[in-house]
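Which chain is which? The protein sequence lines are A and B, in order. Each residue of the first sequence is one higher than the one before, counting from 1 in the numbering used here. Each residue of the second sequence is one higher than the one before, counting from 151 in the numbering used here. Note that CB positions come from ideal geometry on N, CA and C, so glycine has one too. Single-structure report; data block below.
Protein chains: 2
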Amino acid sequence: MSSSQEKFNAFIREKGLRLTSQRTVIARLALNRETHFTADDLLAWSREKDKGISRATVYRTLSLLTDLGLLESLDFGDGRLCYEPAEGRNHHDHIVCLHCGSITEFHCNEIEELQCDVADRLGFRVDHHSLRIYGTCKDCSERTECNEQR
Amino acid sequence: MSSSQEKFNAFIREKGLRLTSQRTVIARLALNRETHFTADDLLAWSREKDKGISRATVYRTLSLLTDLGLLESLDFGDGRLCYEPAEGRNHHDHIVCLHCGSITEFHCNEIEELQCDVADRLGFRVDHHSLRIYGTCKDCSERTECNEQR
DNA sequence: ATCTAATTGAGACTAAATCTCAATTACGCC
DNA sequence: GGCGTAATTGAGATTTAGTCTCAATTAGAT
Ligand SMILES: [Mn+2]
Ligand SMILES: [Mn+2]
Ligand SMILES: [Zn+2]
Ligand SMILES: [Zn+2]
């Protein structure tokens, strides 16, 4: 069992909540993902393990996990949230290809620092931030160039 | 009439579209705003001028205006889009107070350049980006401190 | 004034997410 | 191992921003 699953279980116990089979299945699947996923993805995977799991329970467990900081929710502007494991991973931002939808992660310390500077200057205390760059990935650029050369 | 309204009218003519009274009302109200607004705000203002204006027409005109680049749409993650006039304004990003909801605009050239650097390094061509900082504004910080001192 | 294609308004529809509530279940206690 | 009870669940209703449909209206060319 991964350390984030153990944190989840400990949290459940601490708060006097109950460790149900549904929560166990859903949390395990969510916390061990490598890539971004949607609530609907998670519902489908969960139902492979237990047909009866409801959409509501998936959303309720996603809330628990994000409140706990074990998952992070991401809004890429396509009308639904994505999620990714947050535990033990470093903060990063995202660059999204408008053609193929691929999402690449990056981290830039200078940008992070400059954000703090800006916030300081404006008298804000920073809680978190969201930075997305939208554009065309290498593969899609090359594909487009080829088409243009026809 | 503002220059962005004239651009809108010219565009309508060019494309063989029709300059209806509804489009005129909605575009004037949208393009002369100083602050961020929602589709629903715009519907309410439009109906003050012409009771019959429909939700659908407001959304349709918002699409025209954003496609034209006269408006920009902004997603602050609260489940609906905001809009702001884009014509003749410089690009800027936003810092949002999680307590009072106030939105402050800022611009940081170094951040903009670093974003390009990052994209270059990853082989992306940049189309646009979205940077939001979320935190606590000066006023809300001071209010909280006072409460704590009680 | 006439014609016709673009536009409109009303309301149906969509889809993600939340809510409701009766039925089920985890778990502390014996 | 059973009991009691409060937390949890599933089914499906609801919400809400936004889109779609289509018959009726209208802008603008002739
Ligand atoms: Mn990520
Ligand atoms: Mn702005
Ligand atoms: Zn791509
Ligand atoms: Zn504030």
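Taking 8 Å as the cut-off, is the C-beta of residue i nearer than that to any heavy atom in ligand 1?
{"i": "A/Glu84", "result": "yes"}
{"i": "B/Leu214", "result": "no"}
{"i": "A/Leu74", "result": "yes"}
For residue i, which residues in chain A fall below 7 Å Cβ to Cβ?
{"i": "B/Cys250", "result": "Within chain A, no residue comes near B/Cys250; the closest Cβ sits about 12 Å away, beyond 7 Å."}
In terms of residues, what are the limits of the alpha helix (DSSP H) holding residue i?
{"i": "B/Ile253", "result": "B/Ile253 -> not in any alpha helix (DSSP H); beta strand (DSSP E) instead, spanning Ile253 to Phe256."}
{"i": "A/Asp67", "result": "Arg55 to Asp67"}
{"i": "A/Thr24", "result": "Ser21 to Leu31"}
{"i": "B/Ser152", "result": "Element bounds for B/Ser152: n/a, residue is neither H nor E."}
{"i": "A/Glu110", "result": "Asn109 to Arg121"}
{"i": "A/Asp50", "result": "Where A/Asp50 is concerned, there is no enclosing alpha helix (DSSP H), given that its DSSP letter is neither H nor E."}
Could you name the residues of the same chain whose beta carbon sits closer than 8 Å to that of residue i, not counting the 5 residues immediately before and after it, in chain order?
{"i": "B/Val175", "result": "Ser196, Lys199, Asp200 and Ile203"}
{"i": "B/Arg168", "result": "Ile162"}
{"i": "B/Glu234", "result": "Arg183, Thr185, His186, Phe187, Leu221, Glu222 and Leu224"}
{"i": "B/Gly219", "result": "Ala236 and Glu237"}
{"i": "B/His244", "result": "Leu224, Phe226, Ile253, Thr254, Glu255, Phe256, Leu281, Arg282 and Ile283"}
{"i": "B/Val276", "result": "Gln265, Cys266 and Ala269"}
In chain B, what lies closer than 7 Å to residue i by C-beta?
{"i": "A/Cys108", "result": "Leu264 and Val268"}
{"i": "A/His128", "result": "Tyr284"}
{"i": "A/Leu77", "result": "One point to set straight first is that residue 77 of chain A is Gly, not Leu, in the sequence displayed. Simply Asp225."}
{"i": "A/Leu62", "result": "Simply none; closest approach about 16 Å."}
{"i": "A/Thr20", "result": "What A/Thr20 touches in chain B: nothing, since even the nearest Cβ is about 29 Å away."}
{"i": "A/Ser141", "result": "Arg275"}
{"i": "A/Thr104", "result": "Leu272"}
{"i": "A/Leu71", "result": "Result: empty, since nearest Cβ-Cβ is about 16 Å, beyond 7 Å."}
{"i": "A/Leu42", "result": "The premise fails here: A/Leu42 is roughly 20 Å from chain B at the closest Cβ pair, so nothing lies under 7 Å."}
Is any non-hydrogen atom of ligand 2 found closer than 8 Å to the C-beta of residue i, if you look at the structure I gave you?
{"i": "B/Glu255", "result": "yes"}
{"i": "B/His244", "result": "yes"}
{"i": "B/His278", "result": "no"}
{"i": "A/His36", "result": "no"}
Starting from the C-beta of residue i, find all residues in its chain whose C-beta is less than 6 Å away, skip the five residues before and the five after it, and write them out in chain order.
{"i": "A/Tyr134", "result": "Val96 and Leu98"}
{"i": "B/Cys287", "result": "Cys247 and Ser252"}
{"i": "B/Thr294", "result": "none"}
{"i": "B/Leu224", "result": "Cys232"}
{"i": "B/Arg300", "result": "Residue placement at B/Arg300 is poorly supported in this model, since its pLDDT is 45, which falls under 50; the coordinates still yield a value, given next. So the list is empty, once near-sequence residues are dropped."}
{"i": "B/Thr216", "result": "Ser223"}
I need the boundaries of the beta strand (DSSP E) containing residue i, first residue and last residue.
{"i": "B/Cys232", "result": "Leu231 to Pro235"}
{"i": "B/Asp277", "result": "Arg275 to Thr286"}
{"i": "A/Leu74", "result": "Leu71 to Asp75"}
{"i": "B/His244", "result": "Asp243 to Cys247"}
Name the chain A residues whose beta carbon is nearer than 9 Å to that of residue i?
{"i": "B/Cys287", "result": "Leu122, Gly123, Phe124 and Arg125"}
{"i": "B/Leu179", "result": "What B/Leu179 touches in chain A: nothing, since even the nearest Cβ is about 25 Å away."}
For ligand 3, I want to know if residue i counts as a neighbour, meaning its beta carbon is within less than 8 Å of at least one of the ligand's heavy atoms.
{"i": "A/His99", "result": "yes"}
{"i": "A/Thr136", "result": "yes"}
{"i": "A/Ser102", "result": "yes"}
With respect to 8 Å, is the separation between the Cβ of residue i and the closest non-hydrogen atom of ligand 4 below this value?
{"i": "B/Asp289", "result": "yes"}
{"i": "A/Ser2", "result": "no"}
Strictly below 8 Å CB to CB, what residues from chain B border residue i?
{"i": "A/Ile95", "result": "Val268, Ala269, Leu272 and Phe274"}
Along chain A, in chain order, which residues have C-beta atoms closer than 8 Å to that of residue i?
{"i": "B/Ile261", "result": "Ile111, Leu114, Gln115 and Val118"}
By Cβ distance below 7 Å, which residues in the same chain neighbour residue i in space, the five residues on each side in sequence not counted?
{"i": "A/Tyr59", "result": "Ala39"}
{"i": "B/Arg205", "result": "Leu193"}
{"i": "A/Gln5", "result": "Ala27, Arg28 and Leu31"}
{"i": "B/His278", "result": "none"}
{"i": "A/Ser2", "result": "Leu31 and Asn32"}
{"i": "B/Asn240", "result": "His257"}
Just to make sure I have the definition right: I need the residues of chain B whose C-beta is within less than 9 Å of the C-beta of residue i. Which are they?
{"i": "A/Leu65", "result": "Residues of chain B passing the Cβ test: none, with the nearest at roughly 18 Å."}
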